[in-house]
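Colleague:
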Amino acid sequence: MIFRRRLMRRSLCIVLLLFSLPWGCGTEGDLGSQPSVYGVQLHTHGSMSEGPASMQAHDHAARALGGAVDVIWWTDHDWRIAAHTYVDGFDFEDGMLARELAPVPLRMPQFDGREPLPDWASGKQWAPDSTPSRSEYVERGFVLRRAPKFPETVDFEITEDEARSGVRSLRLVVRGPRAGRDRFVLSFESQRRRHIASLASRVRLGLSLLPAAVEGDVRFALSIGLSQRAPGQRSRIEYVLMPEDLQGRATPAGTGEGSGSRIPPSGVERVDVSMGTELGVWNDWVIDLTEDAARHGLGGEDNALVDLALIVEVGPRARMDLYVDALTIERAQVGAPLFARERVMAQELSDSAMTHHVGQEISYGAHLNAYGASVPLVDTERYPHGLTPRAAVEWAHRHGGLISLTHFFGTDFTGLSHNFPESRKAFDASLERLIEQDAFGVDLLEVGYRERGHKLDAFLELWDGLSRAGVTVIGVGVSDSHDAEQGWSRGPNNFITWIYADSADEADLLAGLREGRAFFGDPTRFDGWLDLESDQGARMGEVAEVAPGHQGIRLRANGLRDGQSIRLIRDGTPVASFEPTGSVFEERYEFEISTPSFVRFEVIESGEPIALTNPIHFRLITEP
Numbered sequence: 035m036i037f038r039r040r041l042m043r044r045s046l047c048i049v050l051l052l053f054s055l056p057w058g059c060g061t062e063g064d065l066g067s068q069p070s071v072y073g074v075q076l077h078t079h080g081s082m083s084e085g086p087a088s089m090q091a092h093d094h095a096a097r098a099l100g101g102a103v104d105v106i107w108w109t110d111h112d113w114r115i116a117a118h119t120y121v122d123g124f125d126f127e128d129g130m131l132a133r134e135l136a137p138v139p140l141r142m143p144q145f146d147g148r149e150p151l152p153d154w155a156s157g158k159q160w161a162p163d164s165t166p167s168r169s170e171y172v173e174r175g176f177v178l179r180r181a182p183k184f185p186e187t188v189d190f191e192i193t194e195d196e197a198r199s200g201v202r203s204l205r206l207v208v209r210g211p212r213a214g215r216d217r218f219v220l221s222f223e224s225q226r227r228r229h230i231a232s233l234a235s236r237v238r239l240g241l242s243l244l245p246a247a248v249e250g251d252v253r254f255a256l257s258i259g260l261s262q263r264a265p266g267q268r269s270r271i272e273y274v275l276m277p278e279d280l281q282g283r284a285t286p287a288g289t290g291e292g293s294g295s296r297i298p299p300s301g302v303e304r305v306d307v308s309m310g311t312e313l314g315v316w317n318d319w320v321i322d323l324t325e326d327a328a329r330h331g332l333g334g335e336d337n338a339l340v341d342l343a344l345i346v347e348v349g350p351r352a353r354m355d356l357y358v359d360a361l362t363i364e365r366a367q368v369g370a371p372l373f374a375r376e377r378v379m380a381q382e383l384s385d386s387a388m389t390h391h392v393g394q395e396i397s398y399g400a401h402l403n404a405y406g407a408s409v410p411l412v413d414t415e416r417y418p419h420g421l422t423p424r425a426a427v428e429w430a431h432r433h434g435g436l437i438s439l440t441h442f443f444g445t446d447f448t449g450l451s452h453n454f455p456e457s458r459k460a461f462d463a464s465l466e467r468l469i470e471q472d473a474f475g476v477d478l479l480e481v482g483y484r485e486r487g488h489k490l491d492a493f494l495e496l497w498d499g500l501s502r503a504g505v506t507v508i509g510v511g512v513s514d515s516h517d518a519e520q521g522w523s524r525g526p527n528n529f530i531t532w533i534y535a536d537s538a539d540e541a542d543l544l545a546g547l548r549e550g551r552a553f554f555g556d557p558t559r560f561d562g563w564l565d566l567e568s569d570q571g572a573r574m575g576e577v578a579e580v581a582p583g584h585q586g587i588r589l590r591a592n593g594l595r596d597g598q599s600i601r602l603i604r605d606g607t608p609v610a611s612f613e614p615t616g617s618v619f620e621e622r623y624e625f626e627i628s629t630p631s632f633v634r635f636e637v638i639e640s641g642e643p644i645a646l647t648n649p650i651h652f653r654l655i656t657e658p
């Protein structure tokens, strides 16, 4: 909680002044000018990305930590906000699966010098007939996600007997079992989940149905999975054709105006919308999904079309013969207007206890997070293959923002050791290339991951290796959570970054990050503050120019818990450890310096770092 942290710092400073301890707190009259510490989640994905979380669900999970988190910074994928290469329909002309060409994303070997950068990397339009090396095939279509218990009762085929679009459609012929019920699910899927849609983009769905015969206990549904409303709370809307809907005459088809009912199976809230449908002719369902999610109290715009499926349920001796065709997914608002809408939605969630800011993850090619309200979305028409890290850094800096290199070891949520022979060889080569590239010029590096390709020790070794080589980047801890049920109270990746700033306003937080006035860790195991200061007054995150010889630093911590210790790191190697006797810790450490060096420290619990400072970097004063 912001206010509590400010009071805690003031109270501590008053105690230190009474005992004449040199902690640099200033006089009583200066206490109000001391920056506060704000707990910030710097990498969060809501309903404009590909996961199940909504903005509201993440907000709920962050508040449940009891004030440990003050700010959520939204970093949804730029190309998803722009709907770049997104699926907008499917018509069975090529069968259950279809392929189409899309711009191939730029790859890491092209970023770090292992391969030459293609001449089409930027500034050129892309089209399906472009140079083959510029394109890749991406798949989309329906797959059998749940098979029927009695396969002999279900037939589905691509047929030319009927079609609403083109010359082919999907025919479903279903016969009920002798006893009990049967169910099967055809799920619509696509590579990189290109079929999803933020409901803030004002989504309309279309689907054409021709029911040739429907007899008995049969249920056909177009099932739409929506975002979490809170951790553990999911919802669906199912647009249903049932025998009692078939009037044998024309009815208003697919307006979503049918009766809605709430059915909560397995903890998932489900709203059924009965669709007016005519037997024996093509019915064109047109569904305003955004409006329906609002009308039925399921969150409205703060939602995504998370998944889409055709579901068939059939009772004993029932029968259905149905043609399906012409699925469409319309998004009326994408790109810059949708990005602007996200900022409004973030402001609507903000209050005195929680502030929301909006950045973006530049991620069609390289993955980097850009922070700053003045940084616009990348023009995907001009850069259809995404940006290189260098180009992304230039883009953010040109518009006054900061930029972070994200999950350097890949997007997998695994924790492989980097010390196996082959892993070590790859790690060392990656570090060497990153040093040669000067970390692409980024401001920030995501260090605080327990498991993201490699474990935390690999991220720390990478960061320390850059620092030893004179490449100074600010380390941050993040979750990259796409799911509100993970990344907050539960890990493994639930780190946040605490930033010293005058307020939770974006400009003040960016100023704190730019100066390196930040530390990071697990908010469920630490919620105090950490700092470093050299004898010359250099603070955590700063670069100090010093003469060779004797140096001293002060380590400061507040909010330590029983069993937590302090480990001092110099140039990537532990050089000292301390066992605090209470929640407040202060220690002076002296050392000799003859070459450039850096010093940081960690809070240790059960043998692992749970909070980590940024370093002070010492550079030697050179002779004129």
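Once you know that position 68 of the sequence shown is 102 in this note's numbering, the rest is easy, because the numbers rise by one and skip nothing. Just so you know, even glycine gets a beta-carbon here, dropped at the ideal spot from N, CA and C.
Between the alpha carbons of Val392 and Pro630, how many angstroms are there, rounded?
Modeller: Approximately 37 Å, taken between the alpha carbons.
Colleague: Which class does Trp563 belong to by DSSP, given the choice of helix, strand or coil?
Modeller: In this structure, Trp563 counts as strand in the three-state DSSP scheme.
Colleague: Between Phe190 and Arg548, what straight-line distance do the alpha-carbon atoms span, to the nearest angstrom?
Modeller: Between Phe190 and Arg548, the C-alpha separation is close to 59 Å.
Colleague: What does the alpha-carbon distance come out to for the pair Arg588 and Val427?
Modeller: Answer to the nearest angstrom: the Cα atoms are 34 Å apart.
Colleague: At 4 residues or longer, and completely inside the region 524-609: list those alpha helix (DSSP H) runs for me, N to C.
Modeller: Whole alpha helix (DSSP H) segments, 4+ residues: 540-548.
Colleague: Give the range of the alpha helix (DSSP H) segment to which Phe493 is assigned.
Modeller: Counting along the chain, the alpha helix (DSSP H) containing Phe493 begins and ends at Leu490 to Arg502.
Colleague: What are the start and end residues of each continuous beta strand (DSSP E) run of 3 or more residues lying completely inside the region 347-431, in chain order?
Modeller: Counting whole runs of 3 or more residues, the region 347-431 contains the beta strand (DSSP E) stretches 353-365, 389-392, 394-396 and 402-405.
Colleague: Roughly how far, in whole angstroms, is the beta-carbon of Thr109 from the beta-carbon of His79, given that I think they are within contact range, below 8 Å?
Modeller: Sure, about 7 Å apart at Cβ, within 8 Å.
Colleague: Would you call the region 483-496 and the region 589-600 touching, i.e. three or more CB-CB distances under 8 Å?
Modeller: Not touching, per the Cβ criterion.
Colleague: When we look at the beta-carbon of Ala247 and count the other beta-carbons within 10 Å, is it buried (16 or more) or exposed?
Modeller: Exposed, because fewer than 16 other Cβ atoms sit within 10 Å of the Cβ of Ala247.
Colleague: Can you list, in chain order, the stretches of the beta strand (DSSP E) that have 3 or more residues and sit fully within the region 207-272?
Modeller: 216-224, 237-249 and 252-259, all fully within the region 207-272.
Colleague: Quick check on the DSSP output: the alpha helix (DSSP H) that includes Leu465 runs from which residue to which?
Modeller: Run containing Leu465: Pro455 to Glu470, per the alpha helix (DSSP H) assignment.
Colleague: Exposed or buried, what is Ser167 when buried is set at 16 or more other beta-carbons lying within 10 Å of its beta-carbon?
Modeller: Burial call: exposed.
Colleague: What are the boundary residues of the alpha helix (DSSP H) that Gln520 is part of?
Modeller: No alpha helix (DSSP H) contains Gln520, which DSSP labels as neither H nor E.
Colleague: Between Asp565 and the rest of its own chain, which residues show a CB-CB distance below 6 Å, the 5 nearest in sequence each way excluded?
Modeller: So the list reads Met574 and Arg590, once near-sequence residues are dropped.
Colleague: Who are the Cβ neighbours of Arg270 in its own chain at under 8 Å, not counting the five residues just before and after it?
Modeller: Here the set comprises Ser257, Ile258, Gly259, Leu260, Val302, Glu303, Arg304 and Val305.
Colleague: Whose C-beta lies closer than 6 Å to the C-beta of Val172 among residues of the same chain, with five residues either side of it excluded?
Modeller: Only Ala136 and Gln225 meet the Cβ criterion.
Colleague: Using CA atoms only, rank isn't needed, just tell me which of Ala327, Ser221 and Leu342 is closest to Glu335.
Modeller: Measuring from the Cα of Glu335, the nearest candidate turns out to be Ala327.
Colleague: Using 8 Å as the threshold, is the C-beta distance between Ile603 and Gly550 below it?
Modeller: Contact: no.
Colleague: What separation, rounded to the nearest whole angstrom, lies between the Cα atoms of Gly369 and Ala117?
Modeller: The alpha-carbon atoms of Gly369 and Ala117 are separated by roughly 7 Å.
Colleague: Could you give the residue range of the beta strand (DSSP E) that holds Leu439?
Modeller: Segment Leu436 to Leu439, the beta strand (DSSP E) holding Leu439.
Colleague: Just to confirm my understanding: we take Trp316, look at its own chain, exclude 5 residues before and 5 after, and list those with CB closer than 6 Å. What are they?
Modeller: Cβ within range, chain order: Arg198, Ser242 and Leu244.
Colleague: Looking at C-beta atoms only, is the number of pairs between the region 364-381 and the region 220-238 that lie closer than 8 Å three or more?
Modeller: Touching, per the Cβ criterion.
Colleague: By the three-class DSSP mapping on this structure, what secondary structure does Glu196 have?
Modeller: DSSP places Glu196 in coil when its eight states are reduced to three.
Colleague: Using beta carbons (cut-off 8 Å, strictly below), is Ser513 in contact with chain B?
Modeller: Absent from the structure: chain B. Only one protein chain is present.
Colleague: Could you name the residues that DSSP lists as bridge partners for Ala132?
Modeller: Arg174, per the DSSP bridge assignment.
Colleague: What residue does the alpha helix (DSSP H) around Trp697 start on, and which one ends it?
Modeller: For the chain, the structure presents residues 35 to 658; residue 697 sits outside this window and is missing.
Colleague: Comparing C-alpha positions only, which one of Lys183, His77 and His419 sits nearest to Ala161?
Modeller: Ala161 has its Cα closest to that of His419, out of Lys183, His77 and His419.
Colleague: By the 10 Å Cβ neighbour count, where 16 or more other Cβ atoms means buried, how is Glu636 classified, buried or exposed?
Modeller: So Glu636 counts as buried.
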